[in-house]
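Chemist: For reference, the structure I am asking about is given below.
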Amino acid sequence: MNILITGGASGLGQAITSHLAAGHQHYIYFTYNNSAENAAVLEKQFTNAKALRCDFLNTAEVSQLAESLADLQIDVLINNAMTGFTQNHFHKLEPAYFADSFNKNVLPVITITQAAIKHFRKKKSGKIITILSAAIVGNPPVGWSEYVAVKSYLLALNKSWATENAAFNITANCISPSFMQTALTSGTDERMVEDMRAKHPLKKLLTVEETASAVGSLVEAGHHINGINVVLNAAQNVI
Numbered sequence: 186m187n188i189l190i191t192g193g194a195s196g197l198g199q200a201i202t203s204h205l206a207a208g209h210q211h212y213i214y215f216t217y218n219n220s221a222e223n224a225a226v227l228e229k230q231f232t233n234a235k236a237l238r239c240d241f242l243n244t245a246e247v248s249q250l251a252e253s254l255a256d257l258q259i260d261v262l263i264n265n266a267m268t269g270f271t272q273n274h275f276h277k278l279e280p281a282y283f284a285d286s287f288n289k290n291v292l293p294v295i296t297i298t299q300a301a302i303k304h305f306r307k308k309k310s311g312k313i314i315t316i317l318s319a320a321i322v323g324n325p326p327v328g329w330s331e332y333v334a335v336k337s338y339l340l341a342l343n344k345s346w347a348t349e350n351a352a353f354n355i356t357a358n359c360i361s362p363s364f365m366q367t368a369l370t371s372g373t374d375e376r377m378v379e380d381m382r383a384k385h386p387l388k389k390l391l392t393v394e395e396t397a398s399a400v401g402s403l404v405e406a407g408h409h410i411n412g413i414n415v416v417l418n419a420a421q422n423v424i
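Sequential numbering of the sequence shown, starting at 186, is according to the working numbering.
Here it is, written out as structure tokens:
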């Protein structure tokens with residue numbers, strides 16, 4: 186299968202790219218922006234991986250990527266990229282922060298996924314996998330309201346993607362991992378990190394490799410698995 190991973194050169198995205206490229210049964214396209222060095226390493230390590238530069242803050246680059254999906258003949262889209270978010274208490278955030286986060290983290294996903302769905306409908310097959318967060322089903326870390334709002338919006342969209350496109354053999358599923366230590370979460374207070382580790386049923390945090398393995402399972406899953414959100418939190422919240 187031809188797979189596109191957004192934000193596939195760092196953190197969780199890098200782990201997903203490596204996991205899916207390792208078996209050499211798939212061809213992996215992955216986007217990057219500031220991780221050019223990591224992207225080059227991945228391309229050198231895997232002959233079946235190709236880096237595509239795309240800045241989610243640049244609407245022209247996002248549109249160009251969306252327009253290229255048909256030429257890339259992708260079979261699977263993995264929405265992983267996140268430009269970042271402001272960690273602060275909700276009442277201390279200006280409303281403009283939420284509008285800006287929507288423009289940076291939701292609209293690019295909408296643009297790319299719309300293009301993917303149009304391509305998938307023509308070929309009557311396709312898979313969409315969107316990376317969310319276990320914070321949207323449990324108690325989110327303090328100061329994460331902007332992040333949770335973005336992920337919750339994408340979860341709602343995923344339900345529509347699954348419902349509207351099931352007849353075209355298109356599936357849309359989500360993965361919601363619990364807290365992982367990546368560049369995105371590096372600004373989290375270490376006391377909060379230790380508290381999360383102490384309260385975790387396994388007394389250890391989820392790794393990006395474990396999440397990448399779960400993504401791989403959805404890539405290979407049949408079409409009856411559709412419209413679900415796979416929560417990776419060791420039963421901290423049973424839903």
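Built from N, CA and C at the ideal position, the CB exists for glycine as well.
Whole angstroms is fine: what's the gap from N354's alpha carbon to I321's?
Modeler: Within the sequence shown, numbered from 1, the residue matching residue 354 stands at position 169. Within the sequence shown, numbered from 1, the residue matching residue 321 stands at position 136. Taking the straight line from one Cα to the other gives about 28 Å.
Chemist: Does DSSP put K309 in a helix, in a strand, or in coil?
Modeler: On the sequence shown, residue 309 is found 124 positions in, with the first residue counted as 1. K309 falls in the coil class under three-state DSSP.
Chemist: Which full runs of the beta strand (DSSP E) of 3+ residues lie inside the segment 215-265, going along the chain?
Modeler: Runs of the beta strand (DSSP E) inside the segment 215-265: 234-238, 261-264.
Chemist: With DSSP collapsed to three states, give me the class of L189.
Modeler: Position 4 of the sequence shown, counted from the start, is the residue given in the question as residue 189. Reduced to three states, the DSSP call for L189 is strand.
Chemist: Below 8 Å on the Cβ atoms is my guess for N243 versus Y212; work out the distance and round it to an integer in Å.
Modeler: Walking along the sequence shown from the start, residue 243 turns up at place 58. Walking along the sequence shown from the start, residue 212 turns up at place 27. Not quite, the Cβ-Cβ distance comes to about 25 Å (not below 8 Å), so this is no contact.
Chemist: Measuring straight from C-alpha to C-alpha, what distance separates N264 and L205?
Modeler: As a first step, residue 264 must be located in the sequence shown, where it is residue number 79. As a first step, residue 205 must be located in the sequence shown, where it is residue number 20. Looking at the two C-alpha atoms, the distance is approximately 14 Å.
Chemist: Measure the CB-CB distance between T356 and K312 and report whether it falls below 7 Å.
Modeler: Along the sequence shown, read from residue 1 onward, the residue named residue 356 stands at position 171. Along the sequence shown, read from residue 1 onward, the residue named residue 312 stands at position 127. In contact: T356 and K312 (Cβ atoms closer than 7 Å).
Chemist: Within this structure, are the beta carbons of G196 and T202 separated by less than 7 Å?
Modeler: In the sequence shown, counting from the first residue as 1, residue 196 sits at position 11. In the sequence shown, counting from the first residue as 1, residue 202 sits at position 17. Not in contact: G196 and T202 (Cβ atoms no closer than 7 Å).
Chemist: Going by alpha carbons, who is nearest to T427 out of G401, L417, K336, V404?
Modeler: Because the chain spans 186 through 424 in this model, residue 427 falls outside it and cannot be assessed.
Chemist: Please report how far the alpha carbon of I413 lies from the alpha carbon of K344, in whole angstroms.
Modeler: Start at 1 with the first residue of the sequence shown, and residue 413 comes out as number 228. Start at 1 with the first residue of the sequence shown, and residue 344 comes out as number 159. Distance between the alpha carbons of I413 and K344 is about 8 Å.
Chemist: Quick check on T298: does DSSP put it in helix, strand or coil?
Modeler: Sequence index remark: in the sequence shown, residue 298 carries index 113 (1-based). Three-state DSSP puts T298 in a helix.
Chemist: Could you tell me the distance, in whole angstroms, from the CA atom of T314 to the CA atom of E279?
Modeler: Translated into the one-based positions of the sequence shown, residue 314 becomes position 129. Translated into the one-based positions of the sequence shown, residue 279 becomes position 94. Reading off the sequence shown, one finds Ile at residue 314, where the question assumed Thr. Between I314 and E279, the C-alpha separation is close to 31 Å.
Chemist: Considering only heavy atoms of the ligand SAH, does any lie closer than 6 Å to the CB of K303?
Modeler: Ligands are entirely absent from the displayed structure, and the ligand SAH is therefore not among its contents.
Chemist: Nearest by alpha-carbon distance to I190: which of A406, G407, H408, A397 is it?
Modeler: Taking the sequence shown and counting its residues from 1, one reaches residue 190 at position 5. With distances taken between Cα atoms, I190 lies closest to A397.
Chemist: To the nearest angstrom, how far is it from the Cα of A255 to the Cα of A301?
Modeler: For the purposes of this step, residue 255 is taken as residue 70 along the sequence shown, with counting starting at 1. For the purposes of this step, residue 301 is taken as residue 116 along the sequence shown, with counting starting at 1. A255 and A301: Cα-Cα distance of roughly 8 Å.
Chemist: Under 6 Å Cβ to Cβ from M186, same chain only, skipping five residues before and after it: list those, please.
Modeler: Here residue 186 refers to the residue found at position 1 when the sequence shown is read from its first residue. Answer for M186: H211, D260, V261, listed in chain order.
Chemist: Give me the DSSP bridge partner(s) of L417.
Modeler: To locate residue 417, count along the sequence shown from 1; it is residue 232. DSSP output for L417 lists P362 as bridge partner(s).
Chemist: Can you look up A315 in the DSSP assignment and give me helix, strand or coil?
Modeler: As a first step, residue 315 must be located in the sequence shown, where it is residue number 130. Inspection of the sequence shows that residue 315 is occupied by Thr rather than by Ala. It is a strand residue.
Chemist: Would a C-beta distance cut-off of 7 Å place A236 and E228 closer than the cut-off?
Modeler: Looking up residue 236 in the sequence shown gives position 51. Looking up residue 228 in the sequence shown gives position 43. Yes, these two residues count as a Cβ contact at 7 Å.
Chemist: Grab me the residues of L339's own chain with a C-beta within less than 8 Å of its C-beta, minus the 5 sequence neighbours each way, in chain order.
Modeler: Position 154 of the sequence shown, counting from 1, holds the residue named residue 339. Correct list, in chain order: N264, V291, V294, T315, L317, C359.
Chemist: Let me know the secondary structure DSSP gives A357 once reduced to three states.
Modeler: Reading the sequence shown from its first residue, position 172 is the one you call residue 357. If DSSP states are grouped into helix, strand and coil, A357 belongs with the strands.
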